[in-house]
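Using our numbering, the first residue of the sequence shown is number 57, and each one after it goes up by one. Cβ coordinates follow ideal geometry from the N, Cα and C atoms, glycine included. Quantities reported herein were computed from a predicted structural model and do not represent experimental measurements. These notes concern the structure reproduced below.
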Amino acid sequence: RFMEDMPFTVAVVVLASLLECFLVLPAHMRHSLAYKAKKTWIDVPSEVTNRGFRWFREHMFRPFIYWVIKFRYPTVAAAFLLLCISLAAVVDRTVKWRFFVAPERGTISANIAMLPGASREDTRAMLNEMERALKTTNEAYKEKYGRAPVELAITKIGGTTGRGLRGSDTKDPDRLGGMDISLIDPDERPYSAFQFIFAWRDAIKRSPKLERLAVRGERRGPGGDDIHVRLFGSDTETLKAASTALDNRLSQFAAVSSVEDDLTYDKPELIVKLTSRGEALGFSTETVARYLRQRLDGIEATSFARNEHEVKVKVRLPEDKLDASYIFRARLPLPEGDGFVPLSSIAEIKEQQSFSIIRRENGERVVSVTGDLGEDAAAGEEVVRRLSNELLPEIAATFGVSYSLGGLAEQEKEFLSDVTLGAIACLIGIYLTLTWVFGSWIRPFTVMLVIPFGLIGAIWGHYIHGVPLTMFSVVGLIGMAGIIINDSIVLVTTIDERKLQKDMFSAIIEGTCNRLRAVILTSLTTVGGLTPLLFEQSRQAAFLKPTVVTLVYGLGFGLVLVLLITPSMIAIQQDLTLRARSLRRFAKLATRPRRTRLGQT
Numbered sequence: 057r058f059m060e061d062m063p064f065t066v067a068v069v070v071l072a073s074l075l076e077c078f079l080v081l082p083a084h085m086r087h088s089l090a091y092k093a094k095k096t097w098i099d100v101p102s103e104v105t106n107r108g109f110r111w112f113r114e115h116m117f118r119p120f121i122y123w124v125i126k127f128r129y130p131t132v133a134a135a136f137l138l139l140c141i142s143l144a145a146v147v148d149r150t151v152k153w154r155f156f157v158a159p160e161r162g163t164i165s166a167n168i169a170m171l172p173g174a175s176r177e178d179t180r181a182m183l184n185e186m187e188r189a190l191k192t193t194n195e196a197y198k199e200k201y202g203r204a205p206v207e208l209a210i211t212k213i214g215g216t217t218g219r220g221l222r223g224s225d226t227k228d229p230d231r232l233g234g235m236d237i238s239l240i241d242p243d244e245r246p247y248s249a250f251q252f253i254f255a256w257r258d259a260i261k262r263s264p265k266l267e268r269l270a271v272r273g274e275r276r277g278p279g280g281d282d283i284h285v286r287l288f289g290s291d292t293e294t295l296k297a298a299s300t301a302l303d304n305r306l307s308q309f310a311a312v313s314s315v316e317d318d319l320t321y322d323k324p325e326l327i328v329k330l331t332s333r334g335e336a337l338g339f340s341t342e343t344v345a346r347y348l349r350q351r352l353d354g355i356e357a358t359s360f361a362r363n364e365h366e367v368k369v370k371v372r373l374p375e376d377k378l379d380a381s382y383i384f385r386a387r388l389p390l391p392e393g394d395g396f397v398p399l400s401s402i403a404e405i406k407e408q409q410s411f412s413i414i415r416r417e418n419g420e421r422v423v424s425v426t427g428d429l430g431e432d433a434a435a436g437e438e439v440v441r442r443l444s445n446e447l448l449p450e451i452a453a454t455f456g457v458s459y460s461l462g463g464l465a466e467q468e469k470e471f472l473s474d475v476t477l478g479a480i481a482c483l484i485g486i487y488l489t490l491t492w493v494f495g496s497w498i499r500p501f502t503v504m505l506v507i508p509f510g511l512i513g514a515i516w517g518h519y520i521h522g523v524p525l526t527m528f529s530v531v532g533l534i535g536m537a538g539i540i541i542n543d544s545i546v547l548v549t550t551i552d553e554r555k556l557q558k559d560m561f562s563a564i565i566e567g568t569c570n571r572l573r574a575v576i577l578t579s580l581t582t583v584g585g586l587t588p589l590l591f592e593q594s595r596q597a598a599f600l601k602p603t604v605v606t607l608v609y610g611l612g613f614g615l616v617l618v619l620l621i622t623p624s625m626i627a628i629q630q631d632l633t634l635r636a637r638s639l640r641r642f643a644k645l646a647t648r649p650r651r652t653r654l655g656q657t
């Protein structure tokens, strides 16, 4: 949904240009050809350019393409070698992959949650410490860069801001606090909001009563956390211990921030467990629970109708009797009805920390651990790699839990699955179209084999500009494939026309030289139109840069490949066709009956 406007826009524009080519362009060409007979001074640049282009084509390109076709097998082998080297650069992480790099916004939200037992003053003191650290960091950045990054900071106590904290709705408001910070525009500072967040976070002195601190930079783009791990298990305490261990390990990475889980502590709770003495006296867990519920919640004595409503009458103990020590003083009636016995003598009463919400998924208890990654693609990829290959297997083995990845990792998996199906469908459609146009089942492969070679320019373009491959790189690759195929079709069609009057070797050279101008213009006009975006410095357009890099470098290198690889592949196809014909003739001769010396068969 985030990028569906791109293919829709391209499809509409291509359809409009198709109509323009058939309905408008012929009229323009008629006027242009009629005017061409009248030479004026304005035609001088065109004449000079054409003269220079013809000299280049005849004296430099024609001899060069002759030797390329002559050594067609080494040429194709060299291209395959470059492709393998390029793919290896992606596999060994020389060129990074990151599913989505969201453009940042100039706002930061910081939220805190204090431990149970902390007072409102403790929360206020922690917020004051955050304000102190913010002021110190702001002054340091002002001295270093000449301008203070913080434009506005608002502190809130009694609640959270922005995205908030997981489980904060069940916490005492006095233990919650937050800060909203507005920074100067991203294009007016040479550093990212995430760099400022890390510096501010490191300057904060954490209170012993602080439970959680989450500092996030707001970003645009698809929903989902950079890090989202779901841990599954049967015991809540074990899940909490596993999530805490994972939290501690992730917090050691400088590129990770705002790590938290959704299994938050709530008020302490009392666990009442029946002892063997209580069971011997005839008590059961059910009867003890019923007695305690009646004492604490009351007993419904009667109910009656009043007008249109039902009125219930409950009998319960006075509020002043139900203090924290009541459970230890409670006396329950014996099942036989011969007096009362203290609850503490028939049951074990233990206090423990409880959790605000326990979540389940498919019948299993689950806790989610989330976090954010900074803009450094290399550091982010390293975190994700170590999380998948080292940390999660270690946590699972230590605590006996299972896990799954969600957030952007889950979206990435779905995206790549959908794109793979879409790309296969597109390639099948292209192949069937080319089969219909060329009237051959083999010739479309010659045209389409140039598509993978476009990866060479795209991959090294990302390496040169230091940007990771992203979901928009994949979109650019699909668009690039269509443009490269257009160049190949123009070239192959002309070669097929020439081979009707000449031998195949001469037809390939003549057709390639004849369509040199068309192939160059087809690619260079697209590259020229995208070049301004390639050097765009705005952070708001940074997430589109992978698409531009893919198209510019992919088409630039694809232009060379179309002029070298496609003619070589056609020549190789001709070689294979001739050898196949020879084999068929040999097979036909080998199976033909022999004549005897007397002329009898």
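{"query": "By Cβ distance below 8 Å, which residues in the same chain neighbour tyrosine 122 in space, the five residues on each side in sequence not counted?", "result": "Ile565"}
{"query": "Can you name, in chain order, every residue of its own chain whose Cβ lies under 7 Å from the Cβ of asparagine 325, other than the five neighbours on each side?", "result": "With the sequence shown as reference, residue 325 is identified as glutamate, and asparagine is not the correct amino acid for it. Same-chain partners within the cutoff: Gln408, Ser410."}
{"query": "Can you tell me which of the three DSSP states glutamine 656 falls into?", "result": "Only weak support is given to the placement of glutamine 656: the predicted model assigns it a pLDDT of 49, under 50, and the question is left unresolved by the model."}
{"query": "Per the DSSP calculation, threonine 211 is bridged to which residue(s)?", "result": "Met235"}
{"query": "Just to confirm my understanding: we take methionine 62, look at its own chain, exclude 5 residues before and 5 after, and list those with CB closer than 7 Å. What are they?", "result": "Val531"}
{"query": "Would isoleucine 451 be called buried (16 or more neighbouring beta carbons within 10 Å of its own) or exposed?", "result": "buried"}
{"query": "Can you confirm whether the segment 314-324 touches the segment 282-299 when touching is taken to mean that 3 or more C-beta pairs between the two stretches lie within less than 8 Å?", "result": "yes"}
{"query": "Could you check where the alpha helix (DSSP H) with phenylalanine 250 kicks off and where it finishes?", "result": "249-259"}
{"query": "With a threshold of 16 other CB atoms inside 10 Å of the CB of leucine 232, please say whether the residue is buried or exposed.", "result": "buried"}
{"query": "May I ask you to report which of helix, strand or coil DSSP gives glutamine 409?", "result": "strand"}
{"query": "Pick helix, strand or coil for lysine 265, following the three-state DSSP scheme.", "result": "coil"}
{"query": "Assuming aspartate 428 and serine 313 form a contact by the criterion Cβ under 8 Å, report the distance between their Cβ atoms to the nearest whole angstrom.", "result": "5 Å"}
{"query": "In chain order, what residues of the same chain lie with their CB nearer than 8 Å to the CB of valine 367, ignoring the 5 residues before and after it?", "result": "Ser359, Phe360, Ala361"}
{"query": "State buried or exposed for tryptophan 256, treating a residue as buried only when at least 16 other CB atoms are found within 10 Å of its CB.", "result": "buried"}
{"query": "To the nearest angstrom, how far is it from the Cα of threonine 587 to the Cα of glycine 612?", "result": "11 Å"}
{"query": "Helix, strand or coil: which one does DSSP assign to methionine 59?", "result": "coil"}
{"query": "Quick one: what's histidine 284 bridged to in DSSP?", "result": "Thr426"}
{"query": "In terms of residue numbering, what span does the alpha helix (DSSP H) encompassing aspartate 303 cover?", "result": "292-306"}
{"query": "Short of 8 Å in beta carbon distance, which residues of its chain neighbour arginine 333, apart from the five on each side in sequence? Order them along the chain.", "result": "Ser401, Ile402"}
{"query": "Within the continuous alpha helix (DSSP H) that includes alanine 336, where are the two ends?", "result": "332-336"}
{"query": "Quick one: is leucine 137 buried, meaning 16 or more other Cβ sit within 10 Å of its Cβ, or exposed?", "result": "exposed"}
{"query": "Contact check, alanine 249 vs isoleucine 164 under 8 Å by CB: the rounded distance?", "result": "6 Å"}
{"query": "Cutting at 7 Å between CB atoms, please list the residues of its own chain near glutamine 658, excluding the five before and the five after it.", "result": "Residue 658 lies beyond the residue range present for the chain, which begins at 57 and ends at 657; the question has no answer from this structure."}
{"query": "Exposed or buried, threonine 426, counting other C-beta atoms within 10 Å across all chains shown (16 or more means buried)?", "result": "buried"}
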